[in-house]
Amino acid sequence: MSEPPTTRGHLTPGVGAVVTRRGAPDDVAALVRQLWLPQWSLPPGESAEQLVLGYPASNVVVEPAGVALHGPTTRASTRVLTGTGWAVGALLRPAGVLLFTDRPAQLLDGSAPLAAGPLHERVVRAMAAEDPRARHDRAVGLLLDHVRERAAAADPGLLEEGLLANRLVDLVEAGPGERTPAGLARRLHVSERTLQRLAARFVGMPPGLLLRRRRLQEAAERVRADPGLDLGALAAELGFADQSHLTREFRTVLGTTPRGYARSPRGVVPGDRGAVRPRR
Numbered sequence: 706m707s708e709p710p711t712t713r714g715h716l717t718p719g720v721g722a723v724v725t726r727r728g729a730p731d732d733v734a735a736l737v738r739q740l741w742l743p744q745w746s747l748p749p750g751e752s753a754e755q756l757v758l759g760y761p762a763s764n765v766v767v768e769p770a771g772v773a774l775h776g777p778t779t780r781a782s783t784r785v786l787t788g789t790g791w792a793v794g795a796l797l798r799p800a801g802v803l804l805f806t807d808r809p810a811q812l813l814d815g816s817a818p819l820a821a822g823p824l825h826e827r828v829v830r831a832m833a834a835e836d837p838r839a840r841h842d843r844a845v846g847l848l849l850d851h852v853r854e855r856a857a858a859a860d861p862g863l864l865e866e867g868l869l870a871n872r873l874v875d876l877v878e879a880g881p882g883e884r885t886p887a888g889l890a891r892r893l894h895v896s897e898r899t900l901q902r903l904a905a906r907f908v909g910m911p912p913g914l915l916l917r918r919r920r921l922q923e924a925a926e927r928v929r930a931d932p933g934l935d936l937g938a939l940a941a942e943l944g945f946a947d948q949s950h951l952t953r954e955f956r957t958v959l960g961t962t963p964r965g966y967a968r969s970p971r972g973v974v975p976g977d978r979g980a981v982r983p984r985r
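Counting in my numbering, the sequence shown tops out at residue 985, every number present.
Written out as structure tokens, the structure is:
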């Protein structure tokens with residue numbers, strides 16, 4: 706089983722929704738990071754606002770409207786949720802991205818419909834089951850089987866290269882130890898040019914942006930947990946030049962200061978990129 710599912714990337718707490726997250730089975734753990742199934746139901750006239758700074762990764766998402774591949778994002782987004790809805794998504798690891806697109810950078814801050822055969826019809830039917838556990842088991846199984854089918858038809862050499870891209874993202878997310886693309890390249894024993902190519906081909910974002918995203922997600926999570934946190938110390942710990950640098954990153958990506966974010970009352974339906982199809 707892959708790493709335990711996490712909520713990182715969702716910057717305000719859940720309102721009006723239930724979300725199920727599952728780690729990927731071992732046979733696809735190199736391709737899929739986790740599965741997520743949000744469902745929400747809000748009374749007439751009520752709404753909830755979602756704020757998400759998604760993982761630097763792509764998601765395959767099945768929703769009532771269809772199947773789509775949502776690319777990595779550069780900024781946070783918000784969407785007001787109303788009524789009822791659901792999604793079944795797979796957060797892809799870099800090695801899994803090229804099973805669905807050979808140009809992930811073209812989906813940066815965007816999405817594209819996927820031709821997935823009978824997958825949509827089958828998942829919609831599965832999500833209509835009365836028992837929550839049964840419908841989730843069936844829907845997740847269908848999506849994972851679709852990933853397996855694509856992997857079986859893929860070039861083995863491509864998947865092997867994707868494993869190196871997985872290691873790149875693992876290093877980025879491991880913590881503040883590596884703060885520059887050059888440091889990442891040394892750890893992977895590749896040139897910076899190879900590093901840039903890996904990130905572009907399998908993630909769709911340059912290594913420098915991956916590093917900036919990781920530390921901003923970490924900062925947001927820490928500020929959410931402790932609104933009174935010493936921002937100067939946090940900035941130094943995470944590799945920002947100073948507190949002003951941290952504040953500028955918050956303003957640029959999240960549209961608010963760290964303290965403003967910590968005071969925000971906005972709610973979020975948990976789930977990963979594309980869970981409610983926010984437009985960025």
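Note that CB positions come from ideal geometry on N, CA and C, so glycine has one too.
- Message: Our contact map puts Gln739 next to Leu819 with C-beta atoms below 8 Å; I'd like the distance itself, whole angstroms only.
- Response: 19 Å between Cβ atoms; not a contact.
- Task: Would you kindly check if the distance between the Cβ of Pro799 and the Cβ of Phe907 is under 7 Å?
- Result: yes
- Item | Straight-line gap, Asp850 to Glu754 (C-alpha atoms, nearest Å) | 33 Å
- Task: Would you check if the segment 821-837 and the segment 780-789 touch, i.e. whether three or more CB-CB distances between them fall below 8 Å?
- Result: no
- Item | Spatial distance of Thr957 from Thr899 (CA atoms) | 29 Å
- CA-to-CA distance, Ala879 to Ala844, given in whole angstroms: 31 Å
- Query: CB-CB under 6 Å to Gly867, same chain, minus the five flanking residues each way: which ones, in chain order?
  - Reply: Pro799, Ala800 and Phe907
- Task: Enumerate in chain order the residues of its own chain whose CB-to-CB distance from Leu847 is below 7 Å, with the five nearest sequence positions on each side excluded.
- Result: Leu824, Arg827, Val828 and Ala831
- Item | Counterpart residues of His775 in DSSP-defined beta bridges | Asn764 and Ser816
- Around the Cβ of Gln1037, are there at least 16 other Cβ atoms within 10 angstroms (buried) or fewer (exposed)? The structure shown does not extend to residue 1037, since the chain spans only 706 to 985, so no value can be given for it.
- Item | Contact set for Ala821: own chain, Cβ-Cβ below 7 Å, skip 5 residues either direction | Val772 and His851
- Terminal residues of the beta strand (DSSP E) in which Ala795 lies: Val793 to Leu797
- Query: Once you ignore the five residues that flank Leu916 on each side, which residues in its own chain have a CB closer than 7 Å to its CB?
  - Reply: Val877 and Arg884
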